[in-house]
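Counted the way mature numbering (1 follows the signal peptide of the UniProt record, and there is no 0) counts, the sequence shown spans residues -27 to -1, 1 to 226. See structure below.
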Amino acid sequence: MRVIASLAALPRLLALTLCLFGAQALASYASVPDGTVLLSSGNTNRYLVAGGARFFIPSTQWSLYSGANLVVMSQSAIDAITQIPQDGTLLREHGYAAIYVVVGGTIWWIPSPTELDHWDDWKTINNVPRQWETAFQDYSVQVLVRERTGTQVYVWIAGAKFAITNASDLAYYGGEPNVKTVPLGTLASYTSEPFCGVSLRERSSSTVYYLGYHAYAPTTLRKYAALWAADGVVPDGALASFPVTTGEPACIW
């Protein structure tokens, strides 16, 4: 591996930015080219740069990037680099075929070669190390999406899609300018059931519900009235299908 160099708003706008894209929206992109490996000067940590973001490389995978350019930086400088790549970045885990594109602060599966051609073909795919999805498991990321060539708009949060069915809801989430285009067919893999452990409230309600399971019914997601802040807001009626429980549910038991 070749060493190149040693490198050393308004509150409302800030709140909207954090809601739509998470805290990583405040981090910066790397100043080195994609494909570069960053080596921490304070320890042995290594990171791949892809889409301007950093991806931690487990020591067992260092050899996969032995031919990459190596740049030495302080750990604090590396930590200041975002973990969320720029929109349009194509990602694929080493050893796997599935390809994803980053849109709106999260990842979307590209289901076919035809669709991949629309997202810049095979030339710019970044092969990233394992556990790369960890950075995208942020329940505060909320994004308006519509499939390419589609018409239905959804608000996506915590692995679930909720249909936007009226102009009022669309305006509440920022309107048409905030709608992101995602690959055709990618939304088929999502339902209106979010990840276990997320806290949500409906738009017109102040009640926050924590969603999880009970050991006696491990396949039924339930909602529990919580006393903490919501990770995000969903359209009215979106949580109606989840049964209420008076005992706090869990995700691990």
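Positions of the beta carbon are idealized from the N, C-alpha and C atoms, including for glycine.
Discussion item. My assumption, with CB atoms under 8 Å, is that residue 184 sits in contact with residue 135. Please give the rounded CB distance.
Written reply: About 13 Å separates the Cβ atoms of residue 184 and residue 135, ruling out a contact at the 8 Å cut-off.
Subject >> Residue(s) in a DSSP beta bridge with residue 152 >> reply: Secondary-structure assignment with DSSP links residue 152 through a beta bridge to 117.
Q.
Quick check on residue 221: does DSSP put it in helix, strand or coil?
A. In this structure, residue 221 counts as coil in the three-state DSSP scheme.
On the three-pair Cβ rule with 8 Å, is the region 35 to 47 touching the region 79 to 93? Cβ pair count under 8 Å is below three, so no.
Subject >> Coarse secondary structure for residue 66, derived from DSSP in three states >> reply: Assigned with DSSP and collapsed to three states, residue 66 falls in strand.
- [ ] Round the Cβ separation of residue 126 and residue 143 to the nearest angstrom and send it over; I've been treating them as touching at under 8 Å.
- [x] That belief holds up - the Cβ atoms of residue 126 and residue 143 are roughly 6 Å apart, short of 8 Å.
- Same chain, Cβ closer than 6 Å to residue -7, neighbours up to 5 away in sequence not counted: Low per-residue confidence applies at residue -7: pLDDT is 46, beneath 50, and the placement is therefore not dependable enough to give any value.
| task | Can you give me the Cβ contacts of residue 199 inside the same chain, cut-off strictly under 7 Å, excluding the 5 residues immediately before and after it? | result | Within the same chain, residue 199 has close Cβ partners 172, 181, 182 and 183.
_Let's see if you can read the secondary structure: which residues bound the beta strand (DSSP E) around residue 227?_
Residue 227 cannot be examined here, being either before or after the span of the chain that is shown, -27 to 226.
ask   = Going by beta carbon distance, what residues of the same chain come within less than 7 Å of residue 27, once the five residues before and after it are set aside?
value = For residue 27, the CB contacts under 7 Å within the same chain, skipping 5 residues up- and downstream, are 3, 11, 20, 51, 54 and 56 in chain order.
Exercise. Give the C-beta separation of residue 118 and residue 130 to the nearest angstrom, bearing in mind that I take them to be a contact with Cβ-Cβ under 8 Å.
Key: The Cβ separation is near 11 Å, so there is no contact.
>> Taking the alpha carbon of residue 133 as the reference point, which residue from 116, 87 and 149 has its own alpha carbon closest?
In response: It is 116 whose Cα lies nearest to the Cα of residue 133.
- Own chain, CB closer than 8 Å to residue 67, minus 5 neighbours either side, in chain order: Excluding residues within five positions, the ones whose Cβ falls inside 8 Å are 34, 37, 100, 101, 102 and 103.
Exercise. Can you name the residues that DSSP bridges to residue 134?
Worked result: According to DSSP, which records beta bridges pairwise, residue 134 is partnered with 129.
task: Kindly indicate which three-state DSSP category residue 188 falls into: helix, strand or coil?
output: The three-state reading of DSSP puts residue 188 in coil, since its state is none of H, G, I, E or B.
**Asked** Would a C-beta distance cut-off of 8 Å place residue 46 and residue 1 closer than the cut-off?
**Response** Going by C-beta atoms, residue 46 is not nearer than 8 Å to residue 1.
Using only CA atoms, which one of 202, 160, 72 and 175 lies nearest to residue 122? Checking every option, the nearest Cα to that of residue 122 belongs to 160.
Next item on the list: For the alpha helix (DSSP H) holding residue 145, just list the boundary residues, first then last.
Entry: Element bounds for residue 145: 140 to 145.
| Going along the chain, which residues of its own chain have a beta-carbon closer than 8 Å to the beta-carbon of residue 17, five neighbours each way excluded? | Setting aside the 5 residues that flank it on each side, residue 17 is surrounded in the same chain by 32, each with a C-beta closer than 8 Å to its C-beta; the list follows chain order.
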